[in-house]
Amino acid sequence: MKISLRFAIILACLMLSLNAQAQLQIVASGPTDVCFPNAPTLSVVNPPTNLTYQWFVVVGSCFNHNSVVIGTSTSIQANGTSGYFCVGTDPGGNAEVSNTIFVRVLPGSIGSLMLPLPYSSTQVSCLPSIDLCIPYEMAPQGFVSTIKWYRNNVQIGGASTLNYTATLAGYYKYSVSNSCATSFSDSVEFISASSVPQFTTTAVSPVCNGNTINFTVTNPIPGATYTWQTSNFSSSGFVASGSGINFSYIVPSALNLYVRLQCVTTGCGVQITPATGFTIQNISRQISPFTTQNLCPGGTVNFSINPTGGVTGIQWKRNGTSIPGATQNTYPATIAGIYSADVTASCGVASSNSVTVNAASLPAASISANGPLTFCAGSNVILNANTGTGLSYQWKKYANVIAGATTSSLTATGAGKYKCIVTNAAGCSKASNTVTVIVNPLPTATITAAGQTTFCVGGSVVLSANTGTGLTYQWKKYANNIGGAINSSYTATAAGKYKCTVTNANGCSKGSNAITVSVPCRIASPTTDNSEMKAVLYPNPSDGTFEIKINNSIPEPFDISITDLSGRLIKSEFQFLSDRTIVISNLETGMYFVILSGENERIVLKAIVKN
Numbered sequence: 000m001k002i003s004l005r006f007a008i009i010l011a012c013l014m015l016s017l018n019a020q021a022q023l024q025i026v027a028s029g030p031t032d033v034c035f036p037n038a039p040t041l042s043v044v045n046p047p048t049n050l051t052y053q054w055f056v057v058v059g060s061c062f063n064h065n066s067v068v069i070g071t072s073t074s075i076q077a078n079g080t081s082g083y084f085c086v087g088t089d090p091g092g093n094a095e096v097s098n099t100i101f102v103r104v105l106p107g108s109i110g111s112l113m114l115p116l117p118y119s120s121t122q123v124s125c126l127p128s129i130d131l132c133i134p135y136e137m138a139p140q141g142f143v144s145t146i147k148w149y150r151n152n153v154q155i156g157g158a159s160t161l162n163y164t165a166t167l168a169g170y171y172k173y174s175v176s177n178s179c180a181t182s183f184s185d186s187v188e189f190i191s192a193s194s195v196p197q198f199t200t201t202a203v204s205p206v207c208n209g210n211t212i213n214f215t216v217t218n219p220i221p222g223a224t225y226t227w228q229t230s231n232f233s234s235s236g237f238v239a240s241g242s243g244i245n246f247s248y249i250v251p252s253a254l255n256l257y258v259r260l261q262c263v264t265t266g267c268g269v270q271i272t273p274a275t276g277f278t279i280q281n282i283s284r285q286i287s288p289f290t291t292q293n294l295c296p297g298g299t300v301n302f303s304i305n306p307t308g309g310v311t312g313i314q315w316k317r318n319g320t321s322i323p324g325a326t327q328n329t330y331p332a333t334i335a336g337i338y339s340a341d342v343t344a345s346c347g348v349a350s351s352n353s354v355t356v357n358a359a360s361l362p363a364a365s366i367s368a369n370g371p372l373t374f375c376a377g378s379n380v381i382l383n384a385n386t387g388t389g390l391s392y393q394w395k396k397y398a399n400v401i402a403g404a405t406t407s408s409l410t411a412t413g414a415g416k417y418k419c420i421v422t423n424a425a426g427c428s429k430a431s432n433t434v435t436v437i438v439n440p441l442p443t444a445t446i447t448a449a450g451q452t453t454f455c456v457g458g459s460v461v462l463s464a465n466t467g468t469g470l471t472y473q474w475k476k477y478a479n480n481i482g483g484a485i486n487s488s489y490t491a492t493a494a495g496k497y498k499c500t501v502t503n504a505n506g507c508s509k510g511s512n513a514i515t516v517s518v519p520c521r522i523a524s525p526t527t528d529n530s531e532m533k534a535v536l537y538p539n540p541s542d543g544t545f546e547i548k549i550n551n552s553i554p555e556p557f558d559i560s561i562t563d564l565s566g567r568l569i570k571s572e573f574q575f576l577s578d579r580t581i582v583i584s585n586l587e588t589g590m591y592f593v594i595l596s597g598e599n600e601r602i603v604l605k606a607i608v609k610n
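Numbering that gives the first Met the number 0 numbers the first residue of the sequence shown as 0 and each following residue consecutively.
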């Protein structure tokens, strides 16, 4: 059975070649040239019942072909482009081979077109040339169609037959078109063994250091690996500096530069081009300042450049565009942008570094006072500037900088016009509004005594303050105001320290010097047993109730008055006591003077109250 079947297959293939007439007949149910997804049905004509059937589809190429079993009934559906035939075998193993019917289905499913032969996959071949052909199954025999060949997706002119001889490296594919559509095969890669890597560049020697020079592979081989190598020497020291079809390289600061290209292809080995050499002209061309700058409204960023190395010309640029007339070593930038300078030398035009100038805004700048701007000498007012992140300050009085005044507030003690210069993080400054501080002077305040300031109880001295227009006065004893003592003079009768507060028409006050008044009178001791004493105060100290024993030597009548240590009158009454005894009560804790005054005599007693 196997031998007979093989014989039948061989016979079928022979019939394909000789167009022989078969015993077994098959027919198609309709046209055999169809557009996808249509598919004709193929059937055996009057199939004998004693036969078993096997359907075959022809697979192969323009060089050879084979067949594959695709069915075992008396009919099948032809779903793809190929040649179809049937073999019927009787019980004795004898085979009958049918005629072959060619079915064309275009465009077919995506990728249904086979690769150009002799490729079985997208493998790489390294040959001087290769003959490509369309596989047998795809051949448009008896089918109205058009063939086109492509290299690197570009149609090859005049290539429209089943075969094409490729001599150039590249990716090759073909298309088959009919009234249905156009189908493309996948691409296959071919590398010619005679392909030698080459590259081009627009750079010419000498080249400027820091400039970028570009290189490009000429007619690159698809699938090849390219490595660019550089060195400062013509025959040694080469290092890999880039890869790919295109190569950009920044010229170093050296004497020479050499560039060569290495190409690696599968099956073709490694090829290296001769080195191309350049002389390097070293130029210094940095612009200053070289860091990002902020441009304040109305401000200027002053750029400068001092190139060396044979520079013959300068051209300033903003955003890559030449600035008309800007050909000097300096340039004042008043507009935001990216600034650079091109310098011209024998090596060509070389570009400097680029510096970005950003447009910045002014900060807010205002000051206010937390109190009256008019005050008396010796006082002050705090001035406050607006605050914010990144702000710094400098206070000024008139046009002069106030040393150390660099915070957001200032304590102003002197008269003048104040303002604050506020600077933001971008370095932009703005002057605030101006406030005027007025400082009124203090009046003169001095007092003098019109006599001795030391006297006995009952004496006095007149104290006088300086006078002037619009002045008012308030006398004080120690730190306490003396009630009603608001004239320019005051009569002091008691011991103490006196001074006067003088106020002028602006409301400014000043305390005068102090004058001490002393009243050193002898006070009888109430605890002394002296028979010659004319009056005795007891008990002393007391809780506030005293008795005075007066002897017969004091004439009648007499006055009794009580004062505190400052001389302030506490109590005064006229007494006439037949028994010479009085009672003093309701006194607060402290020391007091009890004064007995008659027509011809005065007695002062000291009383101590302890509650």
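Cβ atoms here follow ideal geometry from the backbone N, Cα and C, with glycine treated the same way.
By a beta-carbon distance limit of 8 Å, T71 contacts Y52. Their separation comes to about 6 Å. Non-local C-beta neighbours of I212 in its own chain, meaning closer than 7 Å and more than five positions away in sequence, comprise T200, A202, V206, Y248, V250, ordered along the chain. About 5 Å separates the beta carbon of I271 from that of Q261, a gap short enough to meet the 8 Å contact definition. When secondary structure is reduced to three states using DSSP, C34 falls in the strand class.
By a beta-carbon distance limit of 8 Å, P221 does not contact A158. Their separation comes to about 18 Å. With three or more CB-CB distances shorter than 8 Å, the stretch 292–302 counts as touching the stretch 359–366. The DSSP-derived three-state label of V356 is strand. Taking A349 as reference, the option from I100, S252, T412 with the minimal CA-CA separation is S252.
Going by DSSP, F198 is part of the beta strand (DSSP E) stretching over 197–200. Separation of the CB atoms of S351 and I337 is rounded to 12 Å, and the pair is thereby denied contact status at 8 Å.
From the listed residues V44, V26, T73, the smallest Cα separation to I100 is found for V26. Under the three-state reduction of DSSP output, K609 falls in the coil class, being neither helix nor strand. Ranked by how close their Cα comes to the Cα of K476, the residues G469, T166, T490 have T490 in first place. Counting other Cβ atoms within 10 Å of its Cβ, Q451 stays below 16 and is therefore classed as exposed.
Taken through DSSP and simplified to helix, strand or coil, S345 comes out as coil.
The same chain holds no residue with a CB closer than 6 Å to that of V238 once the five nearest residues on each side in sequence are set aside. Under DSSP, L23 shares a beta bridge with S97. Contact between the stretch 362–382 and the stretch 323–333 is not established, with fewer than three Cβ pairs separated by less than 8 Å. Taking 7 Å as the cut-off, the beta carbon of I561 is found closer than this to the beta carbon of V593.
Beta-bridge annotation (DSSP): N301 is paired with P331.
With fewer than 16 other Cβ atoms from the protein chains shown falling within 10 Å of its own Cβ, S321 counts as exposed. DSSP places A448 inside the beta strand (DSSP E), whose first and last residues are 446–448.
In this structure, the straight-line span from the alpha carbon of I559 to that of L604 is close to 11 Å. When the beta-carbon positions are compared, V436 and A414 come within less than 7 Å of each other. Relative to G309, the option among F302, I282, F289 whose CA is nearest is I282. In the three-state scheme derived from DSSP, where H, G and I count as helix and E and B as strand, A274 is classed as coil. Note that the C-beta distance between A411 and L382 is below 7 Å.
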